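In what follows, a single structure is set out as structure tokens and then discussed.
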Amino acid sequence: MERSQMAVVAGVAGAVVVAGVGAAFVFGLVPGGGGDDVAPPTTGDGNGSEVTLNFTLVGGSECGQTCRVVNTTIRNTGNTSLNVTASHALFTRYENGSAKKEAWSGQVAPGTIAANETVVSTFEINVGIGDGLALRENDGLLFTTLQTDRGNETVETVVPVN
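Be aware that the sequence shown starts at 11, since it is given in our numbering, and climbs by one per residue.
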């Protein structure tokens, strides 16, 4: 075999190995890749608090192939003002709809929400290509923990990915 032919064969073999290792990582066949790395939070009122907030996923828009801008509302249905921080975690899903793997997490601080007031909260989600494909296949689960000085409440929302 000539030198140029050997270089082509070596290049093709190297590309196949890199693609195989990358696929194994994405699909969870090697440690650190894919798989269940973080358990989703428990939904509901975790500590017997009197949190009186309603969280609603309003919609979103595309900001790139694996990026979405998400719009939500948070309504304080109580009779006192609450200082609110929202921690979000987006999970890919198994075919049965249960949470599989955390694809993204972030936090937004809408601040003080007066009694009977509704605020709009907007945030951006960026995920990798592997998680983007998994979300496109089975949608996502967004876990939002609303944190206040009076306690926390976690809400689970199915996020349709188009």
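Note that the Cβ used here is the ideal one computed from N, Cα and C, for glycine as well. Just so it is clear, the structure is predicted and the values come from calculations on it, not from any experiment.
Closest by C-alpha distance to residue i, when choosing among the options
{"i": "Glu127", "options": "Gln75, Thr76, Thr87", "result": "Thr87"}
{"i": "Glu112", "options": "His98, Ala119, Val118", "result": "His98"}
{"i": "Arg146", "options": "Pro120, Val130, Leu100", "result": "Leu100"}
{"i": "Arg85", "options": "Asn64, Val168, Ile139, Phe133", "result": "Asn64"}
{"i": "Gly140", "options": "Val94, Leu92, Arg103, Ser131", "result": "Arg103"}
{"i": "Cys9", "options": "Val165, Thr158, Phe133", "result": "Residue 9 is absent from the model: the chain starts at 11 and stops at 172."}
Residue i versus residue j - alpha carbon distance
{"i": "Gly161", "j": "Phe153", "result": "16 Å"}
{"i": "Val137", "j": "Asn106", "result": "22 Å"}
{"i": "Leu156", "j": "Gln75", "result": "28 Å"}
{"i": "Glu163", "j": "Thr122", "result": "16 Å"}
{"i": "Val79", "j": "Ser108", "result": "23 Å"}
{"i": "Gly150", "j": "Thr167", "result": "8 Å"}
{"i": "Thr90", "j": "Asn81", "result": "24 Å"}
{"i": "Lys110", "j": "Cys77", "result": "20 Å"}
{"i": "Asn148", "j": "Val118", "result": "26 Å"}
Residue i: first and last residue of the uninterrupted beta strand (DSSP E) it sits in
{"i": "Gly142", "result": "Where Gly142 is concerned, there is no enclosing beta strand (DSSP E), although the alpha helix (DSSP H) it sits in stretches over 139-148."}
{"i": "Gln117", "result": "109-123"}
{"i": "Ser97", "result": "92-103"}
C-beta contact flag for residue i and residue j at 7 Å
{"i": "Thr66", "j": "Thr83", "result": "yes"}
{"i": "Thr158", "j": "Val68", "result": "no"}
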